[in-house]
Structures are given as structure tokens and as C-alpha cells.
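For reference, each letter of the sequence shown is one residue, going 0 to 282 in numbering that gives the first Met the number 0.
A virtual CB, placed ideally from N, CA and C, is assigned to each residue, including glycine.
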Amino acid sequence: MTTTATTTFLLGGDLPVNRLGFGAMRLAAGTFDGPARDPGTGIAVLRRAVELGVNHIDTAGFYNRGAVRANELIRRALTPYRDDLVIATKVGPLPGPDGVPTGKAGPGELRGLVEADLRALGLDRLDLVYLRVGGLTGPDTESIADRFAALAELREQGLIRHLGVSNVDAAQLAEARAVAPVAAVQNSFENGSGLLADCEAAGTAYVPYFPLGGGLVPLDLERLGRVAARVGATTSQVALGALLAASPSVLAIPGTGSLDHLEENLAAGALVLGAEDLAELRA
Numbered sequence: 000m001t002t003t004a005t006t007t008f009l010l011g012g013d014l015p016v017n018r019l020g021f022g023a024m025r026l027a028a029g030t031f032d033g034p035a036r037d038p039g040t041g042i043a044v045l046r047r048a049v050e051l052g053v054n055h056i057d058t059a060g061f062y063n064r065g066a067v068r069a070n071e072l073i074r075r076a077l078t079p080y081r082d083d084l085v086i087a088t089k090v091g092p093l094p095g096p097d098g099v100p101t102g103k104a105g106p107g108e109l110r111g112l113v114e115a116d117l118r119a120l121g122l123d124r125l126d127l128v129y130l131r132v133g134g135l136t137g138p139d140t141e142s143i144a145d146r147f148a149a150l151a152e153l154r155e156q157g158l159i160r161h162l163g164v165s166n167v168d169a170a171q172l173a174e175a176r177a178v179a180p181v182a183a184v185q186n187s188f189e190n191g192s193g194l195l196a197d198c199e200a201a202g203t204a205y206v207p208y209f210p211l212g213g214g215l216v217p218l219d220l221e222r223l224g225r226v227a228a229r230v231g232a233t234t235s236q237v238a239l240g241a242l243l244a245a246s247p248s249v250l251a252i253p254g255t256g257s258l259d260h261l262e263e264n265l266a267a268g269a270l271v272l273g274a275e276d277l278a279e280l281r282a
């Protein structure tokens, strides 16, 4: 039994993507408040990711540290873009004085953020834009209708192809769907796992952020280690394999600023996990 009955997903009903993609958060820095990374390494990582079959890159305008900005690295590394490359970005958070994205953009500020992403990436239209809400610790209960409607207007104007929501609960997802189609949900897997069945039934992509923990989402390293030893893989590969096995609607976007870690992560697409392995991981 392989971890993935299917290796691709039709995002928004018209964009085929490989279910194992790449998250750009760690290109600029290992953490939001960590030191900037060498941009040359980030460019090399991006080019190698595409060589290895990645055609779904998840980024954000607030993924930066100093002069090193993930969106600019993506443009420098990958333009002219391949026809099958899908780039997803997120808007909503605003950086505070320390660079950590703790502020919140109102409806009237979202156009400027989308236009900034278009310029930085060198695109005329963004494939997927998430409205990211709440903080770093999970969904809050605020209404998102006005802000999602502002993005829906940009979609009608042709600046955005598909819309998504990030860090939301069931009520917020329903609120967004009442405004415009939602192509993807990006939540912590633990915080949002209750939405997974809903997304699968609706044909909506479910894209867990911090798929390898990121220091914020706890992983059961002891259990992962037992399975990894049994199947001859690393704990990171088993964690990614288990995510992909959870549902055909799950897209994994592990991020890294290291070529070695990139190759390790993407090798998870070929990992075989049996029923016993999955049962232990889900216990």
C-alpha cells in the first residue's frame, strides 16, 4: 500500500498539482525572527525543487527577513515560469516593528497586498490567494466576510484565479463559501482536522501548514521513529507520508532552506506505508 492512491490533485477544478509541493517560508530565514539566509541557496533550492517535480509552491509577501524576500527569490529562480507551475500566496497579516506578521490588514488594504505579490513574483494573475486570519496559534472567531469579499472582487477583476482561506474554523469556512468558491483550506492539521472530511466531500484542497511541525505543531517523534525504523525512512518522510495518506485532498508543502532536506522531503512521495504503519500513526 502506498501513501498516495493518487499523486496529483485538481486545484480549483482546473489546476493539476502534484500533492507533494514546496513551502517557501524558510527560504528567507529559518524562523520569522531568525537571521536572513543566503539568497543564492534559496534560489538553488527552488530550482532543484522544480527539477524534482514540484509544481505547487506556497509563499507569502510576509515571508522575508531583511532584504531577503521569498517572492523575489521565486521570481529570480524560476522565471520564465513553467506553464504547469502553480504559485499560491497568502494575504492578511501585516508585519509588526520586529518583522513578525502580527498585524491585520483590513478589507481596503488587501488590494495593495495582492498587487505587491503580483509585482514581486512578476505575474499578471495569482493562481491561488488565501485569506490568512487569526494569529499563530489557531483560528479565532472573527467574521471574515468583508475581507473575503474584497478578495472575491479582485478575483472578478482577473487578478486572482482561485481563492482560499487559512487558519479558519468551520463557521468561517462557511462564511467564505457564501461569498465565493473556496478552492483550498490551509490550516494546522491538528487545529483543522475536523474540516478535512468537509473539504474532501467538496473537492476542496486541504493544505496543512507546518507539515513537519515548524516548532508550533507537536509531532509524536517516538511513534514516527518506530515506523521510520520499520520502513527504512526518516521521521520527516514518515510524517509527510502519513499526511498524504490521510486523504486524497491533502496537499503537503514542506519547506526548507537546505538542498539536502529538500531531497529528503520530496523522497517521501515514493514512501510505502502499510496498514499497520498507518494504524500506529493514527492511534
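In this structure, Arg131 lies away from Gly157, with their beta-carbon atoms at least 7 Å apart.
For Pro15, the uninterrupted beta strand (DSSP E) segment begins and ends at 14-17.
When C-beta atoms of the stretch 20-27 are compared with those of the stretch 222-242, fewer than three pairs fall below 8 Å, so the two segments do not count as touching. Under DSSP, Ala35 forms a beta bridge with Ala28. Exposure of Gly52 is indicated by the presence of fewer than 16 other C-beta atoms within 10 angstroms of its C-beta.
Under the three-state reduction of DSSP, Gln156 is assigned to coil, being neither helix nor strand.
Arg68 has Asn63 as its beta-bridge partners, per DSSP. Boundaries of the beta strand (DSSP E) harbouring Val85: 85-90, taken from the DSSP string. Separation of Leu194 and Gly268 (C-alpha to C-alpha, rounded to the nearest whole angstrom) is 24 Å. Taking the Cα positions, Arg47 is about 8 Å away from Leu258. Taking Ala76 as reference, the option from Arg18, Val167, Leu120, Glu141 with the minimal CA-CA separation is Leu120. Between Glu199 and Ser248, the C-beta gap is smaller than 7 Å, which places the two residues in contact.
Contact check for Arg154 and Pro106: beta-carbon distance about 14 Å, past the 8 Å limit, so the pair fails to qualify.
Ranking Asn70, Val178, Ala251 by CA distance to the CA of Glu114 puts Asn70 first.
Proximity to Asp83 across Glu50, Ala59, Ala66 peaks at Glu50, based on C-alpha coordinates.
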